[in-house]
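Right, one structure below, let's go through it.
Residue numbers (this note's numbering): 362 to 668.
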């Protein structure tokens, strides 16, 4: 069920939790190239020509080996080590960027996507214009080259996400945020929650935003998003609170912005979801169990579009 053309499903999400690209390679790759796993960092690769094999370690949630036979985007939304195997005599032409996600693995998109998405360039209408600009920037050194290339990689990411939202059946998206945003009625509510998380959102009001009855809305939301509307709202507010705490805002100020009556009410949310208070959460070392919820390991079936 596709959404109407008047609904912007990504801007409020991406403005709240940003993704920054950083170009680090342009040119051929031959033999075996290893890309190491780094905290909070994903990858976006553009294979301009050639073929290759990609391998991942067992238990990563990604296919152990996949073949890329045509020019493609390879998107890693979360930290994941991977190896490209290219024929030494032929090689493949690449532009590669790292992606720094606000809040790392807790970025809503990083949590909602599978470990790796492989999308042939020819499948995405309009991509050729962005790629022409990107390749022009990476083929010769000019003033501002890296800055412009970084922005173009961010444009590529948005175009890839648009394609996934507009083709949920072809993409075979796993249940989660993106399948909710791909649903015509649920997307209206999700965008409203993303834009105005501090308002008083009862189940009745959320259902009304979607133009559905409460029972139909609750059932559709759980089926498409994978959690109840109340749980989704609580987790969305929690993610915002964590981001704002990292920025130095007080618990009291955050609680007011998110519609909680007091700092104690927000603290109860932290305790319920993470088992610790906001102060204790801030004092935890990076990478500890409660510092960021681990996203589920999801893969997309191979249908010639994504892996």
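Each residue gets a CB set at the ideal place from its N, CA and C atoms; glycine is no exception. Being a predicted model, the structure only gives us computed values, none of them experimental.
Flag this pair as yes or no: are the beta carbons of residue i and residue j separated by less than 8 Å?
i: residue 374; j: residue 514; result: no
i: residue 351; j: residue 549; result: With the chain covering only 362 through 668, there is no way to say anything about residue 351.
i: residue 417; j: residue 441; result: yes
i: residue 377; j: residue 403; result: no
i: residue 519; j: residue 368; result: no
i: residue 481; j: residue 433; result: yes
i: residue 585; j: residue 555; result: no
i: residue 539; j: residue 551; result: no
i: residue 495; j: residue 473; result: no
i: residue 446; j: residue 414; result: yes
i: residue 382; j: residue 492; result: no
i: residue 475; j: residue 421; result: no
From residue i to residue j, what distance separates their C-alpha atoms?
i: residue 591; j: residue 437; result: 29 Å
i: residue 598; j: residue 608; result: 15 Å
i: residue 384; j: residue 565; result: 46 Å
i: residue 517; j: residue 604; result: 25 Å
i: residue 310; j: residue 558; result: Coverage of the chain is limited to positions 362 through 668, which leaves residue 310 absent and any answer about it impossible.
i: residue 563; j: residue 602; result: 20 Å
i: residue 426; j: residue 634; result: 36 Å
i: residue 587; j: residue 546; result: 16 Å
i: residue 483; j: residue 536; result: 26 Å
i: residue 469; j: residue 478; result: 16 Å
i: residue 589; j: residue 560; result: 18 Å
i: residue 579; j: residue 530; result: 22 Å
i: residue 452; j: residue 430; result: 13 Å
i: residue 505; j: residue 465; result: 27 Å
i: residue 392; j: residue 449; result: 5 Å
i: residue 423; j: residue 401; result: 18 Å
i: residue 508; j: residue 625; result: 43 Å
i: residue 409; j: residue 541; result: 32 Å
i: residue 412; j: residue 644; result: 47 Å
i: residue 583; j: residue 618; result: 26 Å
i: residue 606; j: residue 615; result: 8 Å
i: residue 435; j: residue 458; result: 11 Å
i: residue 522; j: residue 379; result: 14 Å
i: residue 553; j: residue 631; result: 23 Å
i: residue 486; j: residue 501; result: 26 Å
i: residue 593; j: residue 503; result: 45 Å
i: residue 581; j: residue 399; result: 36 Å
i: residue 655; j: residue 596; result: Because the pLDDT of residue 655 is 39, which lies under 50, any placement of that residue in the model is unreliable, and the number read from its coordinates should be weighed accordingly. Between residue 655 and residue 596, the C-alpha separation is close to 13 Å.
i: residue 612; j: residue 577; result: 36 Å
Could you have a look at residue i and say whether DSSP puts it in helix, strand or coil?
i: residue 593; result: helix
i: residue 608; result: coil
i: residue 375; result: helix
i: residue 517; result: helix
i: residue 632; result: helix
i: residue 399; result: coil
i: residue 502; result: coil
i: residue 428; result: strand
i: residue 645; result: coil
i: residue 465; result: helix
i: residue 541; result: helix
i: residue 568; result: helix
i: residue 484; result: helix
i: residue 685; result: This structure cannot settle anything about residue 685, because the visible part of the chain is limited to 362 through 668.
i: residue 406; result: strand
i: residue 586; result: helix
i: residue 454; result: strand
i: residue 446; result: strand
i: residue 528; result: coil
i: residue 433; result: strand
i: residue 389; result: strand
i: residue 460; result: strand
With residue i and residue j assumed to form a contact (beta carbons below 8 Å), what rounded beta-carbon distance in angstroms separates them?
i: residue 444; j: residue 394; result: 7 Å
i: residue 600; j: residue 467; result: 6 Å
i: residue 455; j: residue 386; result: 6 Å
i: residue 628; j: residue 638; result: 5 Å
May I ask whether a heavy atom of the ligand MG can be found less than 7 Å away from the beta carbon of residue i?
i: residue 463; result: Within the structure as shown, the ligand MG is missing, as the structure has no ligands at all.
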